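K.L.:
Let me begin by handing over the structure; questions about it come next.
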Amino acid sequence: MEFIKLTIDGQDIETRAGTTILDAARRVDIYIPGLCAHPDLPQAEGIQAAQMIYQGKHKIENAMPKEPGKACGLCVVEVAGEKELLRSCATEVQNGMVVITDNDRIRVERQKNLIPMLARHRHACLTCNQQQGCSRSQCAFNVPENERCCTLFGHCEFQKVVSYVGVSPVTPKWVPTNLPILENQPLFTRDFNLCIGCTRCIRVCRDLRGIEALGFVYDEKGHVQVGTLGPTLEDSGCKFCTACVEVCPTGALMDKSVRPGKKEEDIVPCKSACPAHIDVPAYLRLIAQGKREEADAVIREKVPFPGVLGRACIHPCETVCRRGEVNAPVSICALKRYAADGETGIWKKNARSGSDTGKKVAIVGAGPAGLTAAFYIRKQGHAVTIFDGHAEPGGMMRYGIPSYRLPRDILDKEVNEILALGVELRTNQTVGRDVTLEQIRNDGFDAVFLAVGTQLSRRIPLEGSELIDVLWGVDFLRRIAEGTDIHLKNRVIVVGGGNVAVDVALSAMRWGAKDVILVCLEAREEMPACEWEIQGVLDEGIRLMTSWGPHKILSENGQVTGMELVHCVSVYDEHCVFKPYFDDATETIKGDQIILALGQTSDLTFLPDDGRITVNQGLIGVDEDTLETGMKGVYAGGDVTAVPGTIIQAIAAGRKAASSIDKALGGTGDIEEVLFERGPPDPYMGMDEGFASWPREEVPELELKSRHRRFQEGVLGYDDEQAVKEARRCLQCDLRLYVKSNPSPPEKIQDFNAENINRVSEDEGVFQLYNEAKKLITIKGTRTLRQSLLEALEVYENAVWFNFEEEKMYTQRESELIQQHLQAHGEMPAGGDSDLDDLF
């Protein structure tokens, strides 16, 4: 590879042949402004225009069809020996080349080239001498609201470039354009009034993504107009990856729901909504590529139970899936199951396990939190012993989730993978009955993790609840899981609105009940059970009675005959506290058996009563960051520390506990693994006909008439073709995080030292001093800038940075800067006055 030597702004540089001056300068942090140029995109100069484009319903035909795209011209530089200024984005480096990136001639040319963009973009705020810190809501100069900048003001690339380049005094005032503003499309808005015609959005869609949903034309005035190639984004083949939003330097394209400082979280919400932060886009992409086993490896980087989660997760990822704003969310959970069911052990190739440390950890409870903690703690090299009161491990995964939802062979396989690491399991060991917490702590264990879950039914005082045909939800499910022979009568009433109640109702149907009624306090839309679970209840013919609560159980001669219900008007009070309110309406329903599924609770009687481990409303108190209780070396997590949650939340708690315990035992606390090596994803997506309307692939299920044959798995899962088809619906939102950005203009502040001060003129002006954190210390107007700065150097010991402006009207400018600072920090209203002597 040939290397070229050149000089840019007096700095000797060596770079590869074929590099442009702009790229060479950026690689050594020499700033050259540019708006059409972008590190991921080809040049704007010469790109082909479209025949017509659409801006909403407005169709614009190309008035200059032979005219190619043009560059912005802001990146011009001076090259020794060249008469004309050259565009640095289009000029390749040459040996011995001497380049100047900033002087008066260059600044004038850049300002001239900026005029066409400013003429078509409202810019009153960009030329205002009080723009710094302005809220846009109030204006001391009464600039009309439609002429003020957009909500990106203060965070806008265009604004920063304009501030650096400067505005030519001959720039015309912006004339309102009244172009379409599209706000009803998915994910982002489009304001054509703010477009400067840089064509970045077109090039990122066409050249980086390979889609080409956007194009540009020249209107009758010779202005570039950008729009979709079809009447809508959907018609144009848009894949809603929002790369166009990412590269837009103005507010012409703006996200609808990306919060400041939360970009990654909001752009890839499926990953951030997952308590374990599984890399959802990565494994969906692998499935779409036919790499099923590799997808499973990615999932296992965060969880040891992919098969379980693929069947029993509440999948909060799907609730926030951005594809849902286009038509319907991706079936992320079903695809997780598909990946897990196809695993061949590829994930084990890169799995790591630390050498034995000699440390011992006891875990109480073999549910999802306890088993997950055991998995990661053992991989850190610590010995692990699990104590569990049941005959088999799994906790509520085994004893609370019916096998028609979670087959036992799937659970056993994943539990055995954990135990195979060398984890010791002691079953039928109930802490508090067979062994005490103190005995465990005295048995040489260096740390204890309490993951006992909520395996008891929450009980309420209810007339008739002592009758023999009244059962409790969690107990009922556990007895089924244990194989206990339960005789159900024909008519069963289930009370409760959560997932446990739903599982109870569906299990009752499978266990022989002929007629099942599900009664709950909540209205349909308030039910805590997942919507698809509720729909399953209705599909199987179970009657749903919402907004009714149990008043008493009716009986004759000790036999249940039904239940009297009372109408529930509201479940929560104005403070969202559970406080049901009933009116006088009642209803009686007939039934032979009642199953009360009113929630779950933990048995914490094994805890010492010395107050070191606190309990509040049935939950163990822990440090939020470490999960350590008030008893040194004892940790707790999962449902025992939070309102009864979900498997994925319990797994996340197990991971957190494992990390904390490892760190406490002398480790790093780093439990992260890469089980499938992968680099940055391919940015190319390609065009797919009708992509936006691709329907969600239905997950195959047993026919309704077959579901009541005891506990055969009801959901069958995707085959290869269905899985690939569904995975390809993913918008691949994470690709946007890999799009580069243009460098920001250098800050005007500089080191506050004598060397820099002596370069300042003795003209009139204003200077500002900042501390090490770049927080403003003082603003001063003066007749002699250099002299006053040298004097300030002796006075302000905490000043580290400074900037200055030469200004004949320095006293006015001083007042303006002070007012801006106070407005920005909420210390005075816009347009207000201040006593300057008392400010600093």
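Just so you know, the sequence shown maps onto residues 36 to 875 in this note's numbering. Here a beta-carbon is modelled for each residue, glycine too, at the ideal position from N, C-alpha and C. Predicted model, so just to flag it, every value in this text is computed and none were measured.
Excluding sequence positions up to five away, which residues of its chain have a Cβ less than 8 Å from the Cβ of residue 497?
P.N.:
Excluding sequence neighbours, residue 497 sits near 585, 587, 588 and 631.
K.L.:
Go through its chain and collect everything with a Cβ distance to residue 647's Cβ below 7 Å, but skip five positions before and after it.
P.N.:
665 and 666, listed in sequence order.
K.L.:
Measure the C-alpha to C-alpha separation of residue 350 and residue 403 and round it to an integer number of angstroms.
P.N.:
Rounded to the nearest angstrom, the two C-alpha atoms are 16 Å apart.
K.L.:
Around the Cβ of residue 431, are there at least 16 other Cβ atoms within 10 angstroms (buried) or fewer (exposed)?
P.N.:
Residue 431 should be labelled buried.
K.L.:
If you draw a straight line from the alpha carbon of residue 876 to that of residue 194, how long is it in whole angstroms?
P.N.:
Since the first residue of the chain shown is 36 and the last is 875, residue 876 is not available in this structure.
K.L.:
Less than 7 Å separating the beta-carbons of residue 531 and residue 563?
P.N.:
In this structure, residue 563 does not lie closer than 7 Å to residue 531 by Cβ.
K.L.:
Under a three-way DSSP split, which group does residue 741 fall into?
P.N.:
It is helical.
K.L.:
Given residue 527, which residues of its chain have a CB within under 6 Å of its CB, disregarding the five upstream and five downstream residues?
P.N.:
Once the five neighbours on either side are set aside, the close Cβ partners of residue 527 are 543, 548, 551 and 628.
K.L.:
If we ignore side chains and look at the alpha-carbon of each, how far apart do residue 283 and residue 103 end up?
P.N.:
Between residue 283 and residue 103, the C-alpha separation is close to 20 Å.
K.L.:
Determine, using beta carbons only, whether residue 880 and residue 655 come nearer to each other than 7 Å.
P.N.:
Only positions 36 to 875 of the chain appear in the structure, and residue 880 is not among them; the question remains open.
K.L.:
Can you tell which of 486, 560 and 47 has the C-alpha that lies nearest to the C-alpha of residue 680?
P.N.:
Of the listed residues, the one whose Cα sits closest to residue 680 is 486.
K.L.:
Residue 220 to residue 426, Cα distance in whole Å?
P.N.:
Answer to the nearest angstrom: the Cα atoms are 55 Å apart.
K.L.:
What are the start and end residues of each continuous beta strand (DSSP E) run of 3 or more residues lying completely inside the region 207-231, in chain order?
P.N.:
Counting whole runs of 3 or more residues, the region 207-231 contains the beta strand (DSSP E) stretches 223-226.
K.L.:
Give me the Cα-Cα distance between residue 687 and residue 311, rounded to the nearest whole angstrom.
P.N.:
For residue 687 and residue 311, the distance between alpha carbons rounds to 5 Å.
K.L.:
From the DSSP output, read off the bridge partner residues of residue 299.
P.N.:
Beta-bridge pairing links residue 299 to no other residue.
K.L.:
Compare the Cα-Cα distances from residue 110 to each of 135, 116 and 87 and report the closest residue.
P.N.:
Of the listed residues, the one whose Cα sits closest to residue 110 is 135.
K.L.:
Count the other CB atoms, across all protein chains shown, that sit within 10 Å of the CB of residue 739; report buried if there are 16 or more and exposed otherwise.
P.N.:
Counting Cβ neighbours within 10 Å, residue 739 comes out exposed, since fewer than 16 surround it.
K.L.:
If you follow the alpha helix (DSSP H) that residue 237 is part of, which residue opens it and which one closes it?
P.N.:
It spans 235-238 - the alpha helix (DSSP H) in which residue 237 sits, taken as one unbroken run.
K.L.:
So, are the CB atoms of residue 378 and residue 328 less than 7 Å apart?
P.N.:
In this structure, residue 328 lies closer than 7 Å to residue 378 by Cβ.
K.L.:
Under 7 Å, do residue 465 and residue 435 count as touching if we go by C-beta distance?
P.N.:
The answer is no: Cβ separation not under 7 Å.
K.L.:
Enumerate, from N- to C-terminal direction, the unbroken beta strand (DSSP E) stretches of 3 or more residues contained entirely within the region 123-157.
P.N.:
Correct list: 133-135.
K.L.:
Can you have a look at residue 99 and say buried or exposed, based on whether 16 or more other CB atoms are within 10 angstroms of its CB?
P.N.:
Result: exposed.
K.L.:
Below 8 Å on the Cβ atoms is my contact criterion, and I expect residue 287 with residue 227 to pass it. Report the Cβ-Cβ distance as a whole number of Å.
P.N.:
The Cβ separation is near 7 Å, so the contact holds.
K.L.:
So residue 451 is in the beta strand (DSSP E); what residue range does that whole segment cover?
P.N.:
Element bounds for residue 451: not the beta strand (DSSP E) but the alpha helix (DSSP H), 443-454.
K.L.:
Would you tell me roughly how many angstroms separate the C-alpha atoms of residue 643 and residue 613, rounded to the nearest one?
P.N.:
Looking at the two C-alpha atoms, the distance is approximately 30 Å.
K.L.:
Taking residue 189 as the reference, which of 449, 285 and 177 has the closest Cα?
P.N.:
Closest option to residue 189, Cα to Cα, is 285.
K.L.:
Determine which residues share a DSSP beta bridge with residue 595 and list them.
P.N.:
DSSP, once it has assigned bridges, lists 590 as partnering residue 595.
K.L.:
Identify whether residue 338 lies in helix, strand or coil by the three-state DSSP scheme.
P.N.:
The answer is coil: DSSP assigns residue 338 none of H, G, I, E or B.
K.L.:
One question on the structure: do residue 202 and residue 68 come within less than 7 Å of each other, judged by their Cβ atoms?
P.N.:
Cβ atoms of residue 202 and residue 68: not closer than 7 Å.
K.L.:
Taking the beta carbon of residue 684 as the centre, do at least 16 other beta carbons fall within 10 Å, making it buried, or is it exposed?
P.N.:
With 16 or more other Cβ atoms within 10 Å, it is buried.
K.L.:
By Cβ distance below 8 Å, which residues in the same chain neighbour residue 703 in space, the five residues on each side in sequence not counted?
P.N.:
Taken in chain order, the residues that qualify are 697.
K.L.:
According to the Cβ coordinates, are residue 590 and residue 596 closer than 7 Å?
P.N.:
It is a contact, given that the beta carbons lie within the stated cut-off.
K.L.:
Please give me, in chain order, every unbroken run of the alpha helix (DSSP H) with length at least 4 that falls completely inside the region 54-131.
P.N.:
The region 54-131 contains these whole alpha helix (DSSP H) runs: 56-62.
K.L.:
Quick one: give me the first and last residue of the beta strand (DSSP E) that residue 817 is part of.
P.N.:
Where residue 817 is concerned, the enclosing beta strand (DSSP E) stretches over 811-817.
K.L.:
Report buried or exposed for residue 712, applying the criterion of at least 16 other Cβ atoms within 10 angstroms of its Cβ.
P.N.:
Counting Cβ neighbours within 10 Å, residue 712 comes out exposed, since fewer than 16 surround it.
K.L.:
On a Cα-Cα basis, can you pick out the residue from 163, 200 and 661 that is closest to residue 182?
P.N.:
Out of 163, 200 and 661, 163 has the C-alpha closest to the C-alpha of residue 182.
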